[in-house]
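S.K.: Residue numbers (this note's numbering), protein chains in the order written: chain L, 1 to 178; chain G, 1001 to 1178; chain V, 2001 to 2178; chain P, 3001 to 3178.
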């Protein structure tokens, strides 16, 4: 999950966040960007391509922290614009009900999700994006996959921390699990 | 709920539908048309204004039957275009999961919903519409209300058959119940 | 999906049902019976073992029609008691919101679900059962599988008509998709 | 929302929690305890009776923080047992999908929910309780109300911080909004 928000002026410093992370669950949002047709059917899923510090390639969902005094909706919009660019035109869901809750534990195996840095609890949403996506920041690229490709072994093994499971849960929710 | 679809060539005749209605639940969709802001917050709810055979005024949601061999998504799109016009640009939800199921019984009082003609079971969805709405067919007009107005006594008493409750359930689902 | 309800006195005759099936979608419920621990975590999924007319073995969810003037809740309870016996103690969900809608088309490939006899639209629920299950009627046996087993290739290939996909959607909904 | 968990040994001290509260959203769970009949229909809602420091009476849902390295399910169970006693036999939902997210802001009016102490984000669930409820700790009593009573003006005006709205959202979700 992205750390880009940690440098936002006025919020937690890196040291303060590190301290809090040892003590309490940190609230996140996960967004699964999708392309839809006129009937709302999901035709493609967008995954960010990232290069880790050790050079490994991974694919990831849009993800990030919710800030103090920030609404979930605003956090979703902020992270989507940060990762997909200002012309992505994301359609934030009308309902705050997430399709699932992803509990990232620092200890692997307690849930399907894992984050070695912290205990993060993420509200997960499927978000149609209608516009032009231009990845920014630490993302190299955004690639659109069909539901079949996204749930397939090639893409799944490039996703870490449980994002592969979360992606398949999203596909199940929209009726597109192969 | 609209009967406009009953005359679609190739489907049930009026007599056949009447016969089936006495024997089995009829599948419907209900759509709550909404206007949203950039963060997906519902700002307005669209209600159809109808004049009954006895001259009474009522306000209604978009509603209608699902046809044989028709997907739920296609039924939603068809009824929204029928009632709101071809330029309404409805954003059909990505997930087939309805926010609730409305069970219209011919006998009042069994559920909050009532339809004297039949036992109808309706899958209910909130649908953002981004375009220009021009009511057609038997609807006189489409009026946009704030959530507060829509849940208020004036509008609620103009809704029949349980549509008032269903509208408030939709507002609850999107976090806008006053 | 079971036809056992078709012989209930007072409802559609076989001939009438056959006629209606050619003309309109038939309303069904699907139930995924599960065992849960004290925290609500699904530990096992119950699948019915059926022997087809041609001797083939298949595994199936609890499934059946909703009758005229019958509530969804009552249909769920009736089919669960019919298939699992009177001591199963199913805990029908508090909310009528299904985890998904399964659209069984007579034509394969339109959706992941298929029923050669009819166009059936099914409201799908996960239902914890706390009691003693004794399959009745045309079911040979009820077998409990872990989520990993249920989503695995051996069980999945014994499920037909899209029940394998629906089962994995249920597992995704409860956070147990492997 | 209850502060009882803050004294749990090994977790945040009061001072540390106070510091964190000024900087980041705190994760909570809200539970609406209900009684159900055999078909899962909600017949009653349980509300805690509390006496504030200034002697005012208020009614509240079961509510509290999620601790570091604690699953949502375990937090729900812990708070329900804390507030309703060890014999309440709560049936924690199978799905982690909450019926809504309640965003309690320290500034009133941004959302329907308000908590002057902090920015709390709460995952809200309806939880059937089958056993004997004996309120403990700071709750004076637990009173069961019908859905009509719970949504009525007398009870609603005794609920603070948006719990009245959240309760009506829960009733809408289970199909029992009057």
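Note that beta-carbon positions come from the ideal geometry of N, C-alpha and C, so glycine has one too. On a predicted model such as this, the values are computed, not experimentally measured, just so you know.
(1) List the endpoints of the continuous beta strand (DSSP E) containing residue 3151/P.
(2) Once you ignore the five residues that flank residue 2133/V on each side, which residues in its own chain have a CB closer than 8 Å to its CB?
(3) Please report the distance separating the alpha-carbon of residue 108/L from that of residue 171/L.
(4) With residue 1066/G and residue 1027/G assumed to form a contact (beta carbons below 8 Å), what rounded beta-carbon distance in angstroms separates them?
(5) In terms of alpha-carbon separation, which member of 3166/P, 3078/P and 3119/P lies closest to residue 3136/P?
(6) Could you tell me which residues DSSP pairs with residue 3125/P in its beta bridges?
(7) With DSSP as the reference, label residue 2135/V as helix, strand or coil.
(8) If you measure between the beta carbons of residue 35/L and residue 49/L, is that distance less than 8 Å?
(9) Which bits of chain P does residue 176/L rub up against, with CB to CB less than 7 Å?
(10) Relative to the C-alpha of residue 3051/P, which candidate in 3042/P, 3144/P, 3159/P and 3110/P has its C-alpha closest?
(11) Where does residue 1037/G sit, in a helix, a strand or coil, going by DSSP?
(12) Provide the residue span of the beta strand (DSSP E) that contains residue 102/L, from first to last.
(13) Taking DSSP's pairing of strands, which residues face residue 2090/V in a bridge?
(14) For residue 1111/G, which of 3163/P, 3177/P, 3105/P and 3082/P has the nearest alpha-carbon?
(15) Using 8 Å as the threshold, is the C-beta distance between residue 1064/G and residue 1104/G below it?
(16) Exposed or buried, residue 1140/G, counting other C-beta atoms within 10 Å across all chains shown (16 or more means buried)?
(17) Going by beta carbon distance, what residues of the same chain come within less than 8 Å of residue 3076/P, once the five residues before and after it are set aside?
(18) Strictly by DSSP, which residues pair up with residue 57/L?
(19) Between the C-alpha atoms of residue 3039/P and residue 117/L, what's the straight-line distance to the nearest angstrom?
(20) Any C-beta of chain L sitting closer than 8 Å to the C-beta of residue 3015/P?
(21) Within 8 Å of any Cβ in chain G, is that where the Cβ of residue 1/L sits?
(22) Taking 8 Å as the CB-CB limit, is residue 1005/G close to chain L?
(23) Taking all protein chains shown into account, do 16 or more other C-beta atoms lie within 10 angstroms of the C-beta of residue 1001/G, making it buried, or fewer, making it exposed?
(24) On the DSSP letters alone, give me the boundaries of the beta strand (DSSP E) that residue 2065/V sits inside.
(25) Are the C-beta atoms of residue 2126/V and some chain L residue less than 8 Å apart?
(26) Please go through the same chain and pick out, in chain order, the residues whose beta-carbon is closer than 7 Å to the beta-carbon of residue 2173/V, but skip the five residues on each side of it.
(27) Put residue 3042/P into one of helix, strand or coil per three-state DSSP.
(28) Between which two residues does the alpha helix (DSSP H) harbouring residue 81/L extend?
(29) Among 2044/V, 2119/V and 2081/V, which residue has its Cα nearest to the Cα of residue 2106/V?
(30) According to the neighbour-count rule (16 or more other Cβ atoms, all chains shown, within 10 Å of its Cβ), is residue 150/L buried or exposed?
(31) Indicate whether residue 2072/V and residue 1096/G have their beta-carbon atoms separated by less than 8 Å.
(32) In angstroms with no decimal places, state the Cα-to-Cα distance between residue 41/L and residue 15/L.
(33) Residues in its own chain within less than 6 Å of residue 5/L by CB, not counting five upstream and five downstream?
(34) Measure the beta-carbon distance from residue 2145/V to residue 2155/V and round it to whole angstroms, keeping in mind my assumption that it falls under 8 Å.
(35) How should residue 2007/V be labelled, buried or exposed, when 16 other C-beta atoms within 10 angstroms of its C-beta is the threshold for buried?
(36) Leaving out five residues on either side along the sequence, give the residues of the same chain with a beta carbon under 7 Å from the beta carbon of residue 3147/P.
M.R.: Taking the geometry as given:
(1) No beta strand (DSSP E) contains residue 3151/P, which is instead part of the alpha helix (DSSP H) from 3147 to 3151.
(2) 2033, 2046, 2084, 2085, 2087, 2088 and 2142, listed in sequence order.
(3) 24 Å
(4) 4 Å
(5) 3078/P
(6) Per DSSP, 3031/P.
(7) Residue 2135/V: coil per DSSP, three-state reduction.
(8) no
(9) Those within 7 Å of residue 176/L in chain P number zero; the least Cβ separation is about 18 Å.
(10) Distances from the alpha-carbon of residue 3051/P to those of 3042/P, 3144/P, 3159/P and 3110/P put 3159/P closest.
(11) coil
(12) 100 to 105
(13) 2129/V
(14) Residue 1111/G has its Cα closest to that of 3177/P, out of 3163/P, 3177/P, 3105/P and 3082/P.
(15) no
(16) exposed
(17) 3029, 3031, 3090, 3092, 3125 and 3127
(18) 51/L
(19) Between the alpha carbons of residue 3039/P and residue 117/L lies a gap of roughly 44 Å.
(20) no
(21) Residue placement at residue 1/L is flagged as unreliable, the pLDDT there being 45, under the threshold of 50; the coordinate-derived value follows with that caveat. No, its Cβ sits nowhere closer than 8 Å to a Cβ of chain G.
(22) The predicted position of residue 1005/G is uncertain, since its pLDDT is 40 and thus under 50; a value taken from the coordinates is nonetheless stated next. Taking Cβ atoms only, chain L never reaches closer than 8 Å to residue 1005/G, which makes this a no.
(23) With a pLDDT of 45 at residue 1001/G, under the threshold of 50, the modelled position of that residue is not reliable, and the figure given next carries that caveat. Result: buried.
(24) 2062 to 2065
(25) no
(26) Within the same chain, and ignoring the five residues on either side of residue 2173/V in sequence, the residues whose Cβ sits closer than 7 Å to its Cβ are 2099 and 2126.
(27) strand
(28) 72 to 84
(29) 2119/V
(30) Within a 10 Å sphere around the beta-carbon of residue 150/L sit 16 or more other beta-carbons, which makes this residue buried.
(31) Going by C-beta atoms, residue 2072/V is not nearer than 8 Å to residue 1096/G.
(32) 44 Å
(33) Confidence is the limiting factor: at residue 5/L the pLDDT is only 40, short of 50, which leaves the residue's position unreliable, though a coordinate-based value still follows. Shown here for residue 5/L: same chain residues with a beta carbon closer than 6 Å to its own, the five before and five after excluded, namely 64 and 65 in chain order.
(34) 6 Å
(35) Unreliable placement is indicated for residue 2007/V, whose pLDDT of 38 sits below 50; no coordinate value is reported for it.
(36) 3042, 3045, 3171, 3176 and 3178
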